[in-house]
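Engineer:
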Amino acid sequence: MKTRKIPMRKDIVSGEMYPKKELVRVVKNKEGEVFLDPTGKQNGRGAYIALDRDIAKQAQEKRVFEKAFSQAIDPAFYEELYAYVDHQQARKELFENEQD
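Residue 656 is where the sequence shown starts when you use this note's numbering, and the numbers rise one by one after that.
Encoded structure:
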């Protein structure tokens, strides 16, 4: 059977390449709104960040998204990012435990 190619994307904070499923896309649309895009299909300029709370904290401290999108980012966005990352990590742990 033919092996499928795994799409890789670069984490904007660490610069490391990860499988796309291990990242979340952040989008800035034409109206200048910055938001999470779990589907990865929204229109606009996108940047990827790993599903890791430490990396999300680094993104806020280093102001990575402000630099990438050339605009100020609302602190509420980072709260939403933390909540999403925590939720995804909990799901990953739950499903890994079920498979064992």
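A virtual CB, placed ideally from N, CA and C, is assigned to each residue, including glycine. The structure displayed is predicted, hence computed values, not measured ones.
Let me check understanding here. Comparing Cα to Cα, which of L678, P662 and P674 lies closest to R708?
Structural biologist: The shortest Cα separation from R708 among L678, P662 and P674 belongs to L678.
Engineer: Output yes or no for whether 8 Å exceeds the beta carbon distance between A705 and A723.
Structural biologist: For A705 and A723, no; Cβs fall outside 8 Å.
Engineer: Tell me, to the nearest whole angstrom, how far the beta carbon of K683 is from that of V689; I am working on the premise that it is less than 8 Å.
Structural biologist: Contact flag correct, Cβ pair sits at about 5 Å.
Engineer: Once DSSP output is grouped into helix, strand and coil, what is the label at D729?
Structural biologist: Three-state DSSP puts D729 in coil, outside helix and strand.
Engineer: For the candidate residues G687, I710 and K676, whose alpha-carbon lies nearest to that of T694?
Structural biologist: It is K676.
Engineer: Can you tell me whether L736 is buried or exposed? The criterion is at least 16 other CB atoms within 10 Å of its CB, across all chains shown.
Structural biologist: Its Cβ being crowded by 16 or more others within 10 Å, L736 is buried.
Engineer: If you run the structure through DSSP and keep just helix, strand and coil, what is D709?
Structural biologist: In the structure shown, D709 sits in a helix (DSSP, three-state: H, G or I).
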